[in-house]
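Student: For reference, the structure I am asking about is given below.
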Amino acid sequence: MKAIVYQKFGNIDVLQTLEQPKPTIQSDQVLIKVKAFSINPMDWKIRKGEMTLMSGSKFPKHTGTDFAGIVEDIGSSVVGFKKGDEVFGVVKNMMKEGVSAEYVAVPSSLVWKKPSTISFPQAASIPVVGTAALTALQKMGTITSQTSILVNGATGGFGMFLLQLLKQRGAHVTAVTSTAGAAIAKKWGANSIIDYTKENVLSQKATYDIVIDLSGKMGYQKARQLMNAKALFLNPTPKPIEIPLALFKNLFTAKKHIVILSSPSTTYTDVLLGAVKNGLQIEVSKVFPFDQYKEAYQYAQQGGYIGKVAIELN
Ligand SMILES: NC(=O)c1ccc[n+]([C@@H]2O[C@H](COP(=O)([O-])OP(=O)(O)OC[C@H]3O[C@@H](n4cnc5c(N)ncnc54)[C@H](OP(=O)(O)O)[C@@H]3O)[C@@H](O)[C@H]2O)c1
């Protein structure tokens with residue numbers, strides 16, 4: 001089978017295609033013929049060697065974490081799936097495994113039936129950012145229409161799920177977006193917009209009960225000035241040292257720094273599928289064919305897209 005791999009850390013030029021044997025499955029696994037996989041910022045952070053503490057430095061590495069496809073074979077202990085089922089899922093070890101190949105073997109506990117109402121690229125866009133958005137929502141605690149929330153970087157994959165889930169819960173959301181992202185952020189549920197190309201979010205006077213930074217550019221120290229006395233700062237892009245440090249500092253400050261580390265599961269996926277059924281839109285702004293994988297990563301890495309970017313296989 002054809003696979004996209006890399007043999008050393010680096011930029012897009014380290015990616016190459018190789019012929020590899022089709023994976024063999026263990027008794028609890030499902031073999032999937034991959035129809036699409038989505039691109040996440042984690043893909044290039046790992047590829048650039050920015051996460052070696054968790055990813056390790058063993059090569060070759062595949063890329064991509066969440067996928068959708070068709071069940072090709074099932075392990076002897078797997079129940080609930082049959083050959084030909086349309087499914088989506090995620091690899092078990094997001095830091096060390098990848099889905100960038102024609103076939104992937106994954107535990108059946110991380111595979112779910114694809115609703116017929118969504119496409120393969122849309123389904124492949126659910127697990128990583130959908131779970132992260134739900135995890136953020138849990139960390140926010142009780143939300144009412146009085147809760148003021150600032151979402152910085154609201155129109156990527158994570159923001160797409162978060163804004164719509166917050167809308168379903170009636171929150172009051174200010175979204176920080178580019179000019180091009182303003183309309184869709186409103187459609188997804190933002191009550192007001194700050195255009196980061198025209199206004200520095202840190203210069204405004206308003207303060208919030210919750211600030212979440214999806215751009216990875218704000219950080220807790222800067223966010224403090226935007227936070228009410230007992231506000232939360234949610235951080236899905238922590239540096240390793242920030243994880244214990246935030247816990248320690250939270251003992252002494254009312255403005256809490258909450259790190260988000262999420263992990264897809266059936267519990268999260270069931271909630272996400274329910275939200276999709278209730279109208280949550282999955283916007284995949286561009287789908288690239290497999291052989292244009294370098295263009296796909298180039299496009300995603302430079303930003304400026306709405307929702308998700310995916311790669312599709314025949
Ligand atoms: N901890 C976890 O469990 C977890 C899980 C999933 C994701 N993440 C992380 O969460 C972050 C968001 O994920 P994602 O998939 O949504 O990424 P994404 O699609 O790249 O979205 C990032 C967003 O930030 C915006 N942005 C860029 N520069 C900005 C600025 N100066 N001010 C305000 N917004 C700005 C982008 O807008 P433009 O493109 O218009 O510039 C885009 O909407 C990523 O860093 C990802 O790695 C963490």
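If you read the sequence shown in UniProt numbering, its first letter stands for residue 1, the second for the next number, and so on. Where a beta carbon is used, it is the ideal one built from N, C-alpha and C, also for glycine.
For the 8 Å Cβ check, are there 3 or more pairs between the region 256-274 and the region 296-313?
Tutor: Contact fails: fewer than three Cβ-Cβ distances are below 8 Å.
Student: Comparing the CB of Phe-158 with every heavy atom of ligand 1, is any distance shorter than 7 Å?
Tutor: In the sequence shown, the residue the question calls residue 158 occupies position 158. At least one heavy atom of ligand 1 is nearer than 7 Å to the Cβ of Phe-158, so yes.
Student: Three or more C-beta pairs closer than 8 Å, one from the region 51-67 and one from the region 112-119: is that the case here?
Tutor: Verdict: no, contact absent.
Student: What do you reckon, are the CB atoms on Leu-84 and Ile-70 nearer than 8 Å?
Tutor: Reading the sequence shown from its first residue, position 84 is the one you call residue 84. Reading the sequence shown from its first residue, position 70 is the one you call residue 70. Before going further, note that residue 84 is Gly rather than Leu in the sequence given. Yes.
Student: Buried or exposed for Leu-247, going by 16 or more other Cβ atoms inside 10 Å?
Tutor: Position 247 of the sequence shown holds residue 247. So Leu-247 ends up on the exposed side.
Student: Check the C-beta distance from Ala-229 over to Ala-206 and give it rounded, since I have them as a contact under 8 Å.
Tutor: Position 229 of the sequence shown, counting from 1, holds the residue named residue 229. Position 206 of the sequence shown, counting from 1, holds the residue named residue 206. Not quite, the Cβ-Cβ distance comes to about 14 Å (not below 8 Å), so this is no contact.
Student: Return the Cβ separation of Gln-29 and Ser-108 in integer angstroms, given the expectation that the two are a contact with Cβ distance under 8 Å.
Tutor: As a working mapping, residue 29 is identified with position 29 in the sequence shown. As a working mapping, residue 108 is identified with position 108 in the sequence shown. With 8 Å as the limit, Gln-29 and Ser-108 qualify as a contact, their Cβ atoms being about 7 Å apart.
Student: Of all Cβ atoms in chain B, is any one closer than 8 Å to the Cβ of Val-211?
Tutor: Absent from the structure: chain B. Only one protein chain is present.
Student: Is it the case that the region 127-134 contacts the region 89-101, given that we only count it when at least three CB pairs across the two stretches are under 8 Å?
Tutor: Contact between the region 89-101 and the region 127-134 is present, because at least three Cβ pairs lie under 8 Å.
Student: Could you round the C-beta distance between Ile-210 and Leu-226 to whole angstroms and report it? I think they count as a contact, below 8 Å.
Tutor: On the sequence shown, position 210 is the one that residue 210 refers to. On the sequence shown, position 226 is the one that residue 226 refers to. Ile-210 to Leu-226, Cβ: 10 Å. No contact.
Student: Three or more beta-carbon pairs under 8 Å between the region 53-62 and the region 304-313, yes or no?
Tutor: Segments in contact, no.
Student: Thinking C-beta only, is Thr-177 closer than 8 Å to Tyr-196?
Tutor: The residue given as residue 196 occupies position 196 in the sequence shown. The residue given as residue 177 occupies position 177 in the sequence shown. Result yes, Cβ atoms of Tyr-196 and Thr-177 sit closer than 8 Å.
Student: Do the region 162-174 and the region 278-289 make contact, defined as three or more Cβ pairs closer than 8 Å?
Tutor: The region 162-174 vs the region 278-289: in contact.
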